[in-house]
Amino acid sequence: MLKPKKSLIAIVDDDQLYRKVLHFVLIKENYKLAFEAVNGADCIYMLKQTFNYPDLIIVDVEMPVMDGFETVKAIRLNWPFIKIISHSSVLDPGVKDKVIGCGADAFVIKGQQSMNICEAIEKVLGGA
1 MLKPKKSLIA IVDDDQLYRK VLHFVLIKEN YKLAFEAVNG ADCIYMLKQT FNYPDLIIVD
61 VEMPVMDGFE TVKAIRLNWP FIKIISHSSV LDPGVKDKVI GCGADAFVIK GQQSMNICEA
121 IEKVLGGA
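Just so it is clear: in the sequence shown, position 26 is 26 by UniProt numbering, and no numbers are missing.
Quick look at the structure:
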């Protein structure tokens with residue numbers, strides 16, 4: 001079933017500028033922003049505080065406090081209905097395999113951004 005473009009998406013990344021750019025891309029593509037978090041622990045805290053869960057969370061792999069691997073595992077364990085796209089600037093294929101193994105639905109390399117992330121969102125949410 002095709003999801004409407006008004007899907008609710010959260011961004012988890014320690015890079016403030018990157019979060020702003022990604023936020024702009026998502027709004028331009030007609031998505032709604034659920035929240036922004038600076039690390040995995042911040043994301044988990046926000047998820048515990050809401051009943052209006054995001055349809056999808058975009059999670060950076062490398063973050064302080066709680067990295068993307070642990071964040072993906074925690075989301076998958078506690079909120080298995082939330083879709084997850086992990087992203088990283090690390091080109092090592094082992095990173096992709098590890099994060100998918102933790103439960104991410106897709107992996108995108110940072111820097112190939114706007115179209116690539118939008119295509120991944122559509123695919124993960126069932127639109128492609």
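Ideal Cβ positions, reconstructed from N, Cα and C, are used throughout, including at glycine.
Within this structure, are the beta carbons of residue i and residue j separated by less than 8 Å?
i    : j    : result
G74  : I44  : Checking the sequence shown, residue 74 turns out to be Ala, not Gly. In contact: A74 and I44 (Cβ atoms closer than 8 Å).
V72  : C102 : yes
N116 : V108 : yes
Could you tell me the distance, in whole angstroms, from the CA atom of residue i to the CA atom of residue j?
i   : j    : result
E62 : L77  : 20 Å
Q16 : N39  : 11 Å
G68 : A106 : 13 Å
S7  : G126 : 11 Å
E36 : D60  : 12 Å
Q49 : A41  : 13 Å
N52 : V95  : 30 Å
Excluding the five sequence neighbours on either side, which residues of its own chain have a C-beta within less than 6 Å of the C-beta of residue i, listed in chain order?
i   : result
D13 : R19, D60
For residue i, collect the residues of the same chain with a Cβ closer than 7 Å to its Cβ; drop the 5 residues on either side in sequence, then sort them by chain order.
i   : result
W79 : L47, Y53
Pairing CB atoms from the region 84-95 with CB atoms from the region 55-68, are three or more of them under 8 Å? Pairwise C-beta distances place the region 84-95 in contact with the region 55-68, as three or more of them are shorter than 8 Å.
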